[in-house]
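Peer 1: First the structure, then my questions, so here it is.
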Amino acid sequence: MSVAQRSITRVQDADDFGSIPGAGNDGYALTWDDGAGEFVLTAAGGGVTDHGALTGLSDDDHSQYLLATGARTGASSQAQTFTNGIIGPSWKPASDSTTALQLQNAAGTSLVNLDTSNSRVGISTASPGYGLDVQHTGNLLTAYFYNPTASTGKTKVVMRAGAGNSLGGGSEPVLEVQNSAGTQTAFVRADGLIASTLVGTKDDNSVALVDTSKASGSYPVGVNLGSSAIVGWSSGAWYSAKDTTITRGAAGKVYIGSSSGGSAGTLVAASVGAGTASPSTTLHALTTDSGTSAVVNVATVGHNSSGTAAAGFGGGLAFNLQSSTTASQSAGLIASSWIVATHASRTARMALSAYDYNSAREGMRIDTDGSQALLGFYAHSAVAQQVLATGAGATVDNVISALQALGLVKQS
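Mapping of the sequence shown onto my numbering: position 329 corresponds to residue 348, and the numbering continues sequentially without gaps.
This is the structure in structure tokens:
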């Protein structure tokens, strides 16, 4: 016979029933043991009290208790500990507020704050002022985006504006940079405009980059600089003092130099000044130094070759003019060329020519022969200086012969 296991929590003693001999024992239970086939006396215990299922017991009817099944309406004002986390589809506050939900550290400081009244999230701030407000005081990156996937990994942050992408300066930027005082120092607008200050204020220090499709009369395509903006280079780090700069001087004028004053030269509309801020001609080169009795090369015209130079190799300064019908017609040439190009014995020629409607007409040349200058006119071979007899020995024929040698005269 099998008897279902039952427990009696108290064995009656003589005080309860005087007719039963022997003494009872509190704290023991008479329990049927199937294996032994008899009742045995065992220590009472092992019972479980279900606080959520019992009624009528004052120590179990506490509203702050949470039921194991997850139901106890009104359980509040108590910090609950969940060692295995919380699983559920949603989490919401009892009522909306600026600090409705928070993730805190052990000291109770808010790390993540959910402002359900204004739909804002604050990280390291309990008073978010924006949709997502991240404030960090440690010496670490405030935000970091990284995709470690090899080859195909992409890290992309998208900022998309709503309506209002006009170029008038009224639209809100999708990205803004501020200094420590909270003043805007740079921004990116959804219409492709990037600037260092509000373009609408036309600040002198502003720098703007305008997208091709959004150009206008005020903001042409490309990099747009304010009147005080400087493009500079230095021999050291980017923040070092600049030794070469380009800056605006005035309308149509750009300074190039070691400072904003353009000490090295100036470009002015169609005139170019090298070493002068006030070019008086289309091309004006000026050297200013402390010399008083020496010739200084102010301009250089050169011609080099990737091959081996030979006789006739040279360079020139050409002059073009517009005729009655056609622009840029050859009018004059100052040319220099090698007579002998071998480096150790090189000699050169300088020739002056003028053009007509047919071709160039050489009027004068100066040659060298390693010891002296040779001179020739009218494309005549250059000769050394002519020598005439002194006194009565010089005749008219001698003079004529000398002039003929130079090419200045010829017989009819």
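Just so it is clear, CB atoms sit at the ideal spot from N, CA and C, and this is done for glycine as well.
Per DSSP, what kind of secondary structure is residue 313 in: helix, strand or coil?
Peer 2: For the purposes of this step, residue 313 is taken as residue 294 along the sequence shown, with counting starting at 1. Coil at residue 313, not helix or strand.
Peer 1: Given a threshold of 16 other Cβ atoms within 10 Å of its Cβ, counted over all protein chains shown, does residue 243 qualify as buried or as exposed?
Peer 2: Here the question's residue 243 lines up with position 224 in the sequence shown. Residue 243 is buried by the Cβ-count criterion.
Peer 1: Taking 7 angstroms as the limit between beta carbons, can you name the residues of its chain near residue 151, skipping five residues before and five after?
Peer 2: Translated into positions along the sequence shown, residue 151 becomes position 132. So the list reads 140, once near-sequence residues are dropped.
Peer 1: Could you tell me which of 332, 374 and 401 sits nearest to residue 385, measuring between CA atoms?
Peer 2: The sequence position of residue 385 within the sequence shown is 366, counting from 1. Nearest C-alpha to residue 385: 401.
Peer 1: For residue 333 and residue 320, which I take to be in contact (beta-carbon distance under 8 angstroms), what is that distance rounded to the nearest angstrom?
Peer 2: The sequence position of residue 333 within the sequence shown is 314, counting from 1. The sequence position of residue 320 within the sequence shown is 301, counting from 1. Contact doesn't hold; Cβ gap of about 10 angstroms is too wide.
Peer 1: Find out if the Cβ-Cβ distance for the pair residue 397, residue 426 is shorter than 7 angstroms.
Peer 2: Against the sequence shown, residue 397 aligns to sequence position 378. Against the sequence shown, residue 426 aligns to sequence position 407. It is a contact, given that the beta carbons lie within the stated cut-off.
Peer 1: According to DSSP, is residue 62 helix, strand or coil?
Peer 2: Mapped onto the sequence shown, residue 62 falls at position 43. Residue state, collapsed to three classes: strand.
Peer 1: With burial defined as no fewer than 16 other Cβ atoms inside 10 Å of the residue's Cβ, what is the status of residue 392: buried or exposed?
Peer 2: Translated into the one-based positions of the sequence shown, residue 392 becomes position 373. With fewer than 16 other Cβ atoms within 10 Å, it is exposed.
Peer 1: Residue 370: buried (16+ other C-beta within 10 angstroms of its C-beta) or exposed?
Peer 2: For the purposes of this step, residue 370 is taken as residue 351 along the sequence shown, with counting starting at 1. Buried, because 16 or more other Cβ atoms sit within 10 Å of the Cβ of residue 370.
Peer 1: Can you say whether residue 368 is buried or exposed, counting buried as having 16 or more other CB atoms within 10 angstroms of its CB?
Peer 2: The count along the sequence shown starts at 1 and reaches residue 368 at position 349. Its Cβ being crowded by 16 or more others within 10 Å, residue 368 is buried.
Peer 1: Within 10 angstroms of its Cβ, does residue 54 collect 16 or more other Cβ (buried), or is it exposed?
Peer 2: Within the sequence shown, numbered from 1, the residue matching residue 54 stands at position 35. Under this definition residue 54 is an exposed residue.
Peer 1: Residues in the same chain with beta-carbon distance under 6 angstroms from residue 277, minus the five sequence neighbours each way, listed in chain order, please.
Peer 2: Taking the first residue of the sequence shown as 1, we reach residue 277 at position 258. Closer than 6 angstroms at Cβ, skipping near neighbours: 262.
Peer 1: What is the DSSP secondary structure of residue 348, counted as helix, strand or coil?
Peer 2: Within the sequence shown, the letter at position 329 stands for residue 348. Residue 348 falls in the strand class under three-state DSSP.
Peer 1: Starting from the Cα of residue 127, find the closest Cα among 52, 145, 331 and 378 and give me that residue.
Peer 2: Residue numbering aside, residue 127 sits at position 108 when the sequence shown is read from its first letter. The shortest Cα separation from residue 127 among 52, 145, 331 and 378 belongs to 145.
Peer 1: Just curious, the alpha helix (DSSP H) that residue 420 is in, first and last residue?
Peer 2: Reading the sequence shown from its first residue, position 401 is the one you call residue 420. Run containing residue 420: 415-425, per the alpha helix (DSSP H) assignment.
Peer 1: Would you please state the rounded distance, in angstroms, between the beta carbons of residue 160 and residue 178? I believe it to be under 8 angstroms.
Peer 2: Counted from its first residue, the sequence shown places residue 160 at position 141. Counted from its first residue, the sequence shown places residue 178 at position 159. Their Cβ separation, rounded to whole angstroms, is 18 angstroms, which puts residue 160 and residue 178 out of contact at 8 angstroms.
Peer 1: In three-state terms, what does DSSP make of residue 303?
Peer 2: Translated into positions along the sequence shown, residue 303 becomes position 284. Residue state, collapsed to three classes: strand.
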